[in-house]
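Using this note's numbering, count along the sequence shown one by one with no gaps and you end on 206.
Inspection log for the structure reproduced underneath, given as structure tokens.
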Amino acid sequence: MQLSSLTAVSPVDGRYAGKTSSLRPIFSEYGLIRFRVMVEVRWLQRLAAHAGIPEVAPFSAEANALLDSLASDFQLEHAERIKEIERTTNHDVKAVEYLLKEQAAKLPELAAVSEFIHFACTSEDINNLSHALMLREGRDSVLLPLMRQIAEAIRELAVKFADVPMLSRTHGQPASPTTLGKELANVVYRLERQIKQVAGIELL
């Protein structure tokens, strides 16, 4: 069956796909693979920078540039190659390791230490960091900007309707008079408190 908004497993990718499209590069399988590559690359660079691991000498600027490009400019073609490798390995994280070894082969300096890719790591060492990075990017690049945009829009309405009287209610019963602007300002205050709390969550 062809994938469409009607055949998607979840309404997140179906009915609401248009509203969640900005999350695809982050929370899709592609996104998970991208962050796995980033974690593996940074780990290898960390090994090279550690004086106590002489088997992996400090990398040249050229080697670091190649690795940085893999981490920061990860392409869909890379993810597709990883899925192709996975059909043989039947192991998603191992397929990432093999892709990185293929890329390392482009530079003798990296090819010489390619066996140290994923060195001393389990899959969970890579996955838990990748998931945390996904959550952090989703929060910082999508969720928080939207929350701040909503707060600002309500703030403008609070100013616009500052003098519009309305009857407040308590337990569904009429209460003391208020203004629409004051009630909207209260919403802004509460929302900004939540924004601060979400932004303060330590993910890594």
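Glycine included, each C-beta is placed from N, C-alpha and C at the ideal position.
Note that the coordinates shown come from a computational prediction; the quantities given were computed from them, not determined experimentally.
{"Item": "Three CB pairs or more closer than 8 angstroms across the region 159-172 and the region 55-72", "Value": "no"}
{"Item": "Secondary structure of Leu148, DSSP reduced to three states", "Value": "helix"}
{"Item": "Integer Cβ distance of Val98 from Val58, believed to fall under 8 angstroms", "Value": "That pair is no contact at about 19 angstroms."}
{"Item": "Residues bridged to Arg171 (per DSSP)", "Value": "Pro176"}
{"Item": "Residues of its chain near Met3, where Cβ-Cβ distance is below 8 angstroms and the 5 sequence neighbours each way are ignored", "Value": "Thr9"}
{"Item": "Ile203 - containing alpha helix (DSSP H), residue span", "Value": "It is not in any alpha helix (DSSP H) - Ile203 carries neither H nor E in the DSSP assignment."}
{"Item": "Limits of the unbroken alpha helix (DSSP H) element including Thr31", "Value": "Rather than Thr, the amino acid found at residue 31 in this sequence is Glu. Segment Glu31 to Ala51, the alpha helix (DSSP H) holding Glu31."}
{"Item": "Euclidean distance between Cα positions of Leu34 and Asp127", "Value": "14 angstroms"}
{"Item": "Cβ pair count under 8 angstroms reaching 3, the region 107-126 against the region 35-54", "Value": "yes"}
{"Item": "Residues of its chain near Leu186, where Cβ-Cβ distance is below 6 angstroms and the 5 sequence neighbours each way are ignored", "Value": "Ile156, Leu159 and Ala160"}
{"Item": "The region 9-18 contacting the region 91-111, beta-carbon criterion three pairs below 8 angstroms", "Value": "no"}
{"Item": "Delimiting residues of the alpha helix (DSSP H) encompassing Ser71", "Value": "Ala63 to Ser74"}
{"Item": "Ala153 and Gly183 closer than 8 angstroms at C-beta", "Value": "no"}
{"Item": "Min CB distance Ala63 to chain C below 8 angstroms", "Value": "Note that chain C does not occur in the displayed structure, where there is just one protein chain."}
{"Item": "Cα-Cα separation, Phe29 to Val166", "Value": "43 angstroms"}
{"Item": "Reference Arg150; option with closest CA among Glu117, Met136, Arg195 and Ile55", "Value": "Arg195"}
{"Item": "Boundaries of the alpha helix (DSSP H) in which Ser125 is found, first to last residue", "Value": "Ser125 to Gly140"}
{"Item": "Local Cβ density within 10 Å of Arg36, reported as buried at 16 or more and exposed below that", "Value": "buried"}
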